[in-house]
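Student: Quick note on the working numbering: the sequence shown kicks off at 51 and runs consecutively.
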Amino acid sequence: MLGRSHNNLRALSRSGRVFGARIDSPLSQQPVRRKSGPYGYTQAKALVFSKNGEPSDVLQLHTYSISPSLSSKSVLLRSLAAPVNPADINTIQGTYGAQPSFTSLIGTPSPSAIAGNEGVFEVLATGDPASPIRKGDWVIPAVAQFGTWRTHAVAELDQVLKINKEGLRATQAATISVNPSTAYRILRAYGPSTGISTGLGMRPLEVGSGEWFIQNGANSGVGRAAIQLGKLWGLRSINVVRERSSPEETEALRAELVGLGADVVVTEAQFLSRQWKDQLADITNNGREQIGLGLNCVGGKSATALARSLSEGASMVSYGGMAKQPVALPVGLLIFKDIRFVGFWLSRWNQQDVTGRRHMIDYIADLIREGKFRDVPLDEVAWNWDTDISTLAQEVQGGLQGFRSGKGIFVFGDT
Ligand SMILES: NC(=O)c1ccc[n+]([C@@H]2O[C@H](COP(=O)([O-])OP(=O)(O)OC[C@H]3O[C@@H](n4cnc5c(N)ncnc54)[C@H](OP(=O)(O)O)[C@@H]3O)[C@@H](O)[C@H]2O)c1
């Protein structure tokens, strides 16, 4: 967020690189620069955009300095890791549901926003020695549009959430708060209708019941999290993935998702074929086992097929639109099957259930520590002081391409 968090920044735009005191990096154990110059300013870089467009066209790497004087309610942070999520790219493109403020607080030539919404930071200094957040702690953003693609930040205490770093890698801490949290919220809150007498409400799938849910985009970060949480909570999942470039690769992906806890993995071609109806009948014991919940992050034909696969009274939750095609729904599904079509936006949940969010993040972090929740495959890009804009922007631009070997993530080293 390029707003209040920068109130106490004194921008020394495009100032040179000066070496100063060094501290140990928790990631690489490499010595890293922290302060620059005789006045204790921290040199920082951020990926910023001053207008919407394709990331490779509009992202710029801006150098600035952070004043050593911190207010009693603020902390100085060093970035450890920050992923590239589809929403970050959509935000830069201007197609996301919220836009960050464009300001000149870090001395950009024109009002700009710092990109990136998710990540983890190490606390380098606190404005108040008695602050509940201490030097060395790890924090993640507590607010949306924090602007995580930067080497350092100053944030107010209420803009960050302390995370217990014990037993976590930085890349793990940096990727809890969006994708696993989305899967958690959807599986915990949405499901089949509870009927007219209960005011047309819905209930979540019952933990331990073996109830089915079905999802497309099952190889995504959210999809993989839903598979794992579903298995841990005693639910069963049908998972739709796109074919890979060879049958062997498709089989390897299927096996990988089964290894995470998927009960059924089908390819999109199977799912969209005429045979799917019969295959689904086999899976659900001729429809006697209900599919009460569908998770859609694709849209287009895949979403329509997902809706048709649901049982009477089920809910289909759309939380993404990777195919960039509208969701077309046969009216009969609305009228005769009473299927509910709802949207989901994590940002809304984060705003409205702050305490629940805190518990959820601690819960997921515990699962990771206990080895019960596996990371999404990652494509790590080192961000050091000398890393150039083209390396960083290329990673962002590739973030929406399909068939990736892993989610892009910036891992900060010698910054
Ligand atoms: N509403 C919310 O609050 C919320 C929160 C988190 C995420 N999301 C959304 O959830 C979706 C997944 O996010 P993520 O971070 O989990 O994704 P991700 O890990 O970056 O993976 C992207 C997924 O999208 C699939 N994909 C890409 N293009 C596609 C296309 N044309 N047709 C079908 N599938 C396609 C990819 O399939 P392949 O593996 O086959 O390439 C991949 O599995 C995104 O739309 C994101 O914006 C929404």
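Ideal Cβ positions, reconstructed from N, Cα and C, are used throughout, including at glycine.
Apply the 10 Å Cβ neighbour rule to residue 309 and answer buried if 16 or more other Cβ atoms are within range, or exposed otherwise.
Tutor: Sequence index remark: in the sequence shown, residue 309 carries index 259 (1-based). Using a 10 angstroms sphere on the CB of residue 309, the tally of other CB atoms stays under 16, which defines it as exposed.
Student: What span of residues does the beta strand (DSSP E) with residue 168 cover, start to end?
Tutor: Indexing the sequence shown from 1 puts residue 168 at position 118. From DSSP, residue 168 is part of no beta strand (DSSP E); its letter is neither H nor E.
Student: The beta strand (DSSP E) with residue 206 in it runs from where to where?
Tutor: As a working note, residue 206 is residue 156 in the sequence shown. Taken as a continuous stretch (DSSP letters only), the beta strand (DSSP E) holding residue 206 covers 202 to 206.
Student: Our contact map puts residue 98 next to residue 164 with C-beta atoms below 8 angstroms; I'd like the distance itself, whole angstroms only.
Tutor: As a working note, residue 98 is residue 48 in the sequence shown. As a working note, residue 164 is residue 114 in the sequence shown. Cβ-Cβ separation between residue 98 and residue 164: approximately 5 angstroms, consistent with a contact (criterion under 8 angstroms).
Student: Quick one: what's residue 110 bridged to in DSSP?
Tutor: The sequence position of residue 110 within the sequence shown is 60, counting from 1. Looking at the DSSP assignment, residue 110 forms a beta bridge with 98.
Student: Flag this pair as touching only if the segment 153 to 167 and the segment 213 to 221 have three or more C-beta atom pairs under 8 angstroms; answer yes or no.
Tutor: no
Student: May I ask whether a heavy atom of ligand 1 can be found less than 7 angstroms away from the beta carbon of residue 455?
Tutor: Looking up residue 455 in the sequence shown gives position 405. No, since every heavy atom of ligand 1 falls outside the 7 angstroms radius drawn around the Cβ of residue 455.
Student: Expressed to the nearest angstrom, what Euclidean distance is found between the alpha-carbon atoms of residue 202 and residue 235?
Tutor: Within the sequence shown, numbered from 1, the residue matching residue 202 stands at position 152. Within the sequence shown, numbered from 1, the residue matching residue 235 stands at position 185. Rounded to the nearest angstrom, the two C-alpha atoms are 30 angstroms apart.
Student: Which same chain residues end up closer than 7 angstroms to residue 388 when comparing Cβ atoms and leaving out the 5 residues on each side of it in sequence?
Tutor: Residue 388 sits at position 338 when you count from the first residue of the sequence shown. The residues are 243, 362 and 363.
Student: Indicate whether residue 131 and residue 459 have their beta-carbon atoms separated by less than 8 angstroms.
Tutor: The residue given as residue 131 occupies position 81 in the sequence shown. The residue given as residue 459 occupies position 409 in the sequence shown. Taking 8 angstroms as the Cβ cut-off, residue 131 and residue 459 qualify as a contacting pair.
Student: Quick one: what does DSSP say residue 462 is sitting in, helix, strand or coil?
Tutor: Along the sequence shown, one-based indexing puts residue 462 at 412. The answer is strand: DSSP assigns residue 462 an E or B state.
Student: Just the Cα atoms here: how many angstroms apart are residue 85 and residue 199?
Tutor: As a position in the sequence shown, residue 85 is number 35, starting the count at 1. As a position in the sequence shown, residue 199 is number 149, starting the count at 1. At residue 85 the pLDDT is 47, less than 50, meaning the model places this residue with poor confidence; the figure from the coordinates comes in the next sentence. Looking at the two C-alpha atoms, the distance is approximately 20 angstroms.
Student: Taking only heavy atoms of ligand 1 into account, decide whether any of them is closer than 7 angstroms to the Cβ of residue 376.
Tutor: Locating residue 376 in the sequence shown gives position 326, where the first residue counts as 1. Between ligand 1 and residue 376, a heavy atom-to-CB distance of less than 7 angstroms is absent.
Student: Check residue 394 in the structure and name its three-state DSSP category.
Tutor: Here residue 394 refers to the residue found at position 344 of the sequence shown. Residue 394 falls in the coil class under three-state DSSP.
Student: Count the other C-beta atoms from every protein chain shown that fall within 10 angstroms of the C-beta of residue 150, then say buried if there are 16 or more, exposed otherwise.
Tutor: As a working mapping, residue 150 is identified with position 100 in the sequence shown. With 16 or more Cβ atoms within 10 Å of its Cβ, residue 150 is classed as buried.
Student: Does the beta-carbon of residue 372, which I'm using as the reference point, lie nearer than 7 angstroms to any heavy atom of ligand 1?
Tutor: By one-based count along the sequence shown, residue 372 stands at place 322. Yes - ligand 1 has a heavy atom lying nearer than 7 angstroms to the Cβ of residue 372.
Student: Buried or exposed for residue 449, going by 16 or more other Cβ atoms inside 10 Å?
Tutor: Position 399 of the sequence shown, counting from 1, holds the residue named residue 449. Around the beta carbon of residue 449, a 10 Å sphere encloses 16 or more other beta carbons of the protein chains shown; the residue is thus reported as buried.
Student: Could you tell me how far apart the beta carbons of residue 262 and residue 318 are, in whole angstroms, since I believe they sit closer than 8 angstroms?
Tutor: As a first step, residue 262 is located in the sequence shown; it is residue number 212 there, counting from the start. As a first step, residue 318 is located in the sequence shown; it is residue number 268 there, counting from the start. In fact, because the Cβ distance is near 19 angstroms, the residues do not count as touching under 8 angstroms.
Student: With a floor of 4 residues, list each alpha helix (DSSP H) that falls wholly inside the segment 254 to 301, ordered by position along the chain.
Tutor: 271 to 282
Student: Quick one: does the C-beta of residue 304 sit closer than 7 angstroms to a heavy atom of ligand 1?
Tutor: For the purposes of this step, residue 304 is taken as residue 254 along the sequence shown, with counting starting at 1. Outside the cutoff, so no.
Student: Using three-state DSSP, classify residue 422 as helix, strand or coil.
Tutor: Residue mapping note: residue 422 aligns to position 372 of the sequence shown, counting from 1. Three-state DSSP puts residue 422 in coil, outside helix and strand.
Student: Report the option in 378, 359, 341 and 334 whose CA atom is closest to the CA atom of residue 351.
Tutor: Residue numbering aside, residue 351 sits at position 301 when the sequence shown is read from its first letter. The candidate whose alpha carbon is nearest that of residue 351 is 378.
Student: Would you check if the segment 132 to 140 and the segment 168 to 181 touch, i.e. whether three or more CB-CB distances between them fall below 8 angstroms?
Tutor: yes
Student: In whole angstroms, give me the CA-to-CA distance for residue 174 and residue 224.
Tutor: Taking the first residue of the sequence shown as position 1, residue 174 is located at position 124. Taking the first residue of the sequence shown as position 1, residue 224 is located at position 174. Take the alpha-carbon of residue 174 and the one of residue 224: they are about 17 angstroms apart.
Student: Which partner residues does residue 429 have in the DSSP bridge list?
Tutor: The sequence position of residue 429 within the sequence shown is 379, counting from 1. Note: residue 429 sits in a beta bridge opposite 458.
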